[in-house]
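Structure record follows, encoded as structure tokens.
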Amino acid sequence: MFTIKNHLEIEDGQLTIGGISATDIVKEYGSPLYVSNENRIRENFRRYKNAFPDADLYYAAKANSNITLLKIMAEEGAGADVFSDGELYLALLAGMPRDKILFNGNSKSDKELYMAVKSDVRISLDSLDELKTLSKIAKKEDKVIDVSFRVNPDVSPETHPKISTGLKSSKFGIPNDEVVLAYKEALDLPGVNPIGIHCHIGSQILEIEPFSEAMHKMMDLVEQITRLGVDVQFVDIGSGLGIPYEKGGKVPTPKDLADLILPIFKSRCKAEGIKPKLILEPGRYIMGDATVLLTTVNTMKIAAKKFVGVDAGFNLLIRPAMYDSYHFAVVANKADKTPEDIYSIVGPICESGDILAHDRELPKIEKGDIIAFLDTGGYGFSMSSQYNGRTRCAELLLNKGCIDVIRKPETYDDLLNNQLIPARFL
Ligand code: LLP
């Protein structure tokens, strides 16, 4: 038995997840499948928390908002970063404490703001316009809502442009030089109580230096708004710590991030004589490597390349098509075999871009083999769709040798969900 990556091992030639063979899982539950390891999720969370013992961690629900996974997060003491009314609904249902939920979003509808106000959660405001709308809603509901502003710190992390969120040109946040004005306005408006400040510079960040720049810029603003009379109770630095999708490469850990940003945070708070709570909003780091997508080979074809057609495409894992992202692929039932050929693994979707893995050196692949895509827990299932009339697959949770189905596979009925057929077609 040997470990290939974290909680994944190879035993008698079979890939095992949390001690259970991937092939056996597929035999029992079908294919494709998302399989998450509860132990790994908890370990990841605890590793992050140990690096930031005094901070609050708000799990980014968008990474995977399955209710059972949210409940695990709540059990671990996490709060939640929610980005929609639906995520807010799920976080509350999962038992997340209201004062540890931050409602984020760059274009919240009035309906969503009403829901956040009625739910007594904190709101991160993305514009002055939104501040005014919220003030009116809160006043009408006779409430005073704790708010922060999302700052656009104009920091450029090295990541895929589609997941870089703190650039000056980004749609997120209030430009750095307008933030103080925003707090001034908030202090004068009824229904809102500015108590925090928030930013998020991007995702899958592997060079962490930009976090230090962001922290300095945030603390510059904290100083200015404190002098304005804001009682800053939290500084939310967002998230974005990358994970090692490709084997081998050195990646920063939460401890590296803590060593970089905590001294800045602490020294600047001390200098200002304030004691705000630090908040971080990890998503990918918690769920990413805890989940594997298991797929089965439908068909093989030798054309311009050796194509392996599997039963999952970008309907279930859109990251490779959307961000050219890399997910390690393992032939689960031949996990100890040496590579023999170069294959491109493609999905069944009617789009040329439906390629899950380009030119991978793998053991000889045949129809019926099971291919596992690793590190698919962050933004895997949560970005899935029914495109091409494909039902979504099940989600399983492994815990101490037991398997729970935490989402049933969809059926054809689900393709008709909420559709109504006008009488003249019946
Ligand atoms: N907080 C805020 C405000 C965010 O916008 C995000 C992610 C997070 C926290 C969590 O970031 P993380 O720890 O996961 O890096 N679909 C893309 C990622 C989009 C991330 C959007 N925001 C992907 O598959 O890579």
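In terms of numbering that gives the first Met the number 0, the sequence shown has 354 at position 355, counting the first letter as 1, and numbering is strictly consecutive.
All C-beta atoms in this analysis are idealised placements derived from N, C-alpha and C, irrespective of residue type, glycine included.
The model shown is predicted, which means the values in this text are computed figures rather than measured ones.
Per the coordinates, the alpha-carbon of Q223 lies some 14 Å from the alpha-carbon of A185. If you draw a straight line from the Cα of P156 to the Cα of T164, it comes to about 9 Å. For the pair S30 and I369, the CB atoms are nearer than the 9 Å cut-off. Shortest Cα-Cα distance from C198 to any of F380, S169 and K249 involves S169. Counting only residues of its own chain and dropping the five nearest sequence neighbours on each side, Y411 has a CB closer than 8 Å to the CB of T390.
Excluding five sequence positions before and after A356, the CB atoms of its chain that fall closer than 6 Å to its own CB belong to A328 and I344, given in chain order. Unbroken beta strand (DSSP E) stretches of 3 residues or longer found wholly inside the region 226-313: 233-235, 276-279, 290-301 and 305-309, given in chain order. Secondary structure remark: continuous beta strand (DSSP E) runs of at least 3 residues inside the region 158-220, in chain order: 191-197. Short note on T15: C-beta not closer than 8 Å to any heavy atom of the ligand LLP. Distances taken from the Cβ of F82 to the heavy atoms of the ligand LLP include one shorter than 8 Å.
For H326, the shortest C-beta to heavy atom distance toward the ligand LLP is 8 Å or greater.
Of the other Cβ atoms in all chains shown, 16 or more fall within 10 Å of the Cβ of G282; this residue is therefore buried.
Within the same chain, Cβ atoms closer than 6 Å to the Cβ of E339 are found at P362 and K363, the five residues on either side in sequence being excluded. From the listed residues E8, N43 and K48, the smallest Cα separation to G287 is found for N43. Considering only N38, P189 and A303, the residue with the shortest C-alpha distance to K135 is P189. Under DSSP, the beta-bridge partners assigned to Y57 are G78.
Judged by their CB atoms, A62 and I285 are nearer to each other than the 9 Å cut-off.
A distance of 9 Å or more separates the beta carbons of L261 and V234. Three or more beta-carbon pairs separated by less than 8 Å are not found between the region 71-88 and the region 298-310, which leaves the two stretches without contact.
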